[in-house]
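Report on the structure given below.
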Amino acid sequence: MKYSPIDLSGVKTYPLSERQNKVSIKKDFASPITAGMSVAELLSALPPQLGSQALLGVIDAVAAARAKGKPVVMAMGAHVIKCGLQPVLKSLIEADAVTAFALNGAGSIHDYEISLIGETSEDVGAVLHCGTFGMAEETGRDINRALKDGLAKGMGYGEAVGRFIIDNDNPCREHSLLAVCAERDIPVTVHVALGTDIIHQHPTADGAVIGQASYTDFRIFTSIVSELGDGGVYLNMGSAVLLPEVFLKALSIAQNLGHHVDHFTTANFDMQQHYRPLQNVVKRPTSGKSRGYTITGHHEIMIPLLAAGILDKIER
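In full-length UniProt numbering, the protein residues as written are 1 to 316.
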């Protein structure tokens, strides 16, 4: 069947002045950007909508949480450590802006190697087929020893490796997040999936030790999560699967044990938004009276910007 173009002569219109609009010069436009602006001036110049509104919301939530003495937890994938952001994280620690950290196993490995030789991240593709990927002697030997020694003293994974770095006076320990947290008694928990980390390939690896150390950290992490209610903040930085799943289980345990975990803020920072962080960090945990944000961008840009905004806010 052949159709003729529809006749539009009868279409009814109305004045533009009568339309309801979502963007207005008066309330939705950015302010001019000028040379020499302070962090506060730059952030206030951002257009108050979409991504910038979310970033400002997270900054405000962190500042409010610390003013109330509530936890601010930063959970991070290994890429954050590989991006060289430890000095930024240290600034947040020194300002008492972040009260706990959570890492995956790879994050702890990169942090340890940095503390030992000031470098990390091998070229996997170049060495995988010759069988040497992940086989650096010191990395597996030291971390597996640290976990065994720490477990005997009742430590979890993060504290055990952090204390080992300090006790052995690793040459670049001041650049280690684990060591800085151990020195200041700040919880840094490490959550491991067995078989995912290079230290599991080494002859010194002990699955029972690794599992127990990480399980101790899971219980510590759950204690922290149980205190997020009424103003705490949980930030997921670049972990697409593991840490969002750990967070959801910890939250379930906390609720099961009778802790009131509501009226808190979550945010997912990543280069692209993935299913589990969106569901397990931003949406499901905040379905009551909490608030979840998504911030999309590169860690090496967004985390320093976030930190600058937080520091400026809490030091006013």
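Even for Gly, the Cβ is constructed at its ideal location relative to N, Cα and C.
Just the Cα atoms here: how many angstroms apart are residue i and residue j?
i, j, result
"aspartate 217", "proline 187", "9 angstroms"
"serine 287", "threonine 266", "11 angstroms"
"lysine 70", "glycine 211", "30 angstroms"
"valine 114", "asparagine 236", "The displayed chain sequence assigns isoleucine, not valine, to residue 114. So the two alpha carbons sit approximately 22 angstroms from each other."
"threonine 196", "proline 87", "27 angstroms"
"lysine 148", "isoleucine 109", "16 angstroms"
"leucine 89", "leucine 177", "8 angstroms"
"threonine 222", "tyrosine 293", "22 angstroms"
"serine 121", "serine 38", "35 angstroms"
"methionine 74", "glycine 207", "27 angstroms"
"leucine 248", "tyrosine 3", "55 angstroms"
"cysteine 172", "lysine 26", "51 angstroms"
"proline 32", "valine 62", "27 angstroms"
"valine 261", "threonine 34", "43 angstroms"
"aspartate 96", "isoleucine 224", "16 angstroms"
"glycine 158", "glutamate 18", "60 angstroms"
"histidine 263", "glycine 229", "6 angstroms"
"isoleucine 166", "glutamate 94", "18 angstroms"
"alanine 30", "alanine 64", "25 angstroms"
"asparagine 170", "alanine 45", "43 angstroms"
"glutamine 279", "serine 239", "13 angstroms"
"threonine 139", "lysine 283", "38 angstroms"
"methionine 76", "leucine 8", "56 angstroms"
"proline 47", "aspartate 312", "19 angstroms"
"glutamine 20", "glutamine 49", "17 angstroms"
"methionine 1", "glycine 10", "24 angstroms"
"histidine 299", "isoleucine 117", "23 angstroms"
"asparagine 268", "leucine 43", "19 angstroms"
For residue i, which of helix, strand or coil comes out of DSSP?
i, result
"glycine 131", "coil"
"glycine 154", "coil"
"histidine 110", "helix"
"methionine 37", "coil"
"tyrosine 3", "coil"
"arginine 291", "strand"
"threonine 120", "coil"
"aspartate 312", "helix"
"valine 11", "coil"
"phenylalanine 218", "helix"
"phenylalanine 247", "helix"
"asparagine 256", "helix"
"histidine 202", "coil"
"threonine 99", "coil"
"asparagine 280", "helix"
"histidine 274", "coil"
"asparagine 21", "coil"
"residue 341", "Residue 341 lies beyond the range of the chain shown here (1 to 316); nothing can be said about it."
"arginine 85", "The sequence as given places leucine at residue 85; arginine does not occur at that position. If DSSP states are grouped into helix, strand and coil, leucine 85 belongs with coil."
"asparagine 144", "helix"
"alanine 136", "coil"
"alanine 45", "helix"
"leucine 235", "strand"
Could you say which of the options lies nearest to residue i if we only look at CA atoms?
i, options, result
"valine 161", "Thr222, Ile143, His175 and Ala35", "Ile143"
"residue 358", "Gly156, Leu42 and Ala240", "Residue 358 cannot be examined here, being either before or after the span of the chain that is shown, 1 to 316."
"threonine 296", "Gln53, Gln20 and Tyr3", "Gln53"
"isoleucine 314", "Asp60, Leu46 and Ile33", "Asp60"
"glycine 84", "Ile165, Ala308, Val190 and Asp111", "Asp111"
"residue 333", "Ile81, Val192, Ala67 and Ile25", "Not covered by the structure: residue 333. The range shown for the chain is 1 to 316."
"histidine 191", "Leu305, Ala106 and Leu55", "Ala106"
"isoleucine 220", "Gly118, Gly51, Leu242 and Leu251", "Leu251"
"proline 277", "Ser290, Pro244 and Pro47", "Pro244"
"aspartate 185", "Gln201, Arg163, His200 and Glu174", "Arg163"
"histidine 202", "Arg141, Val127, Ala40 and Gly36", "Arg141"
"serine 290", "Leu92, Asp312 and Gly57", "Gly57"
"threonine 309", "Gly231, Lys68, Leu55 and Gly154", "Note on identity: in this sequence residue 309 is glycine, with threonine being the wrong assignment. Nearest of Gly231, Lys68, Leu55 and Gly154 to glycine 309, Cα basis: Leu55."
"leucine 305", "Gly10, Gln20, Gly51 and Ile6", "Gly51"
"arginine 66", "Leu92, Leu42 and Glu41", "Leu92"
"tyrosine 215", "Gly154, Ala307 and His200", "Gly154"
What whole-angstrom Cβ distance do residue i and residue j have, given they're in contact under 8 angstroms?
i, j, result
"arginine 145", "threonine 204", "7 angstroms"
"asparagine 104", "alanine 78", "6 angstroms"
"alanine 213", "leucine 151", "5 angstroms"
"valine 233", "valine 72", "5 angstroms"
"lysine 68", "glycine 231", "5 angstroms"
"serine 226", "histidine 259", "4 angstroms"
Taking one C-beta from the region 92–109 and one from the region 174–186 each time, how about it: are there three or more such pairs within less than 8 angstroms? yes
Three-pair Cβ contact test at 8 angstroms for the region 272–291 versus the region 123–136: no
Are the region 15–35 and the region 251–263 touching by the rule of at least three beta carbon pairs closer than 8 angstroms? Taking one beta carbon from each stretch, the region 15–35 and the region 251–263 have fewer than 3 pairs nearer than 8 angstroms; the two do not touch.
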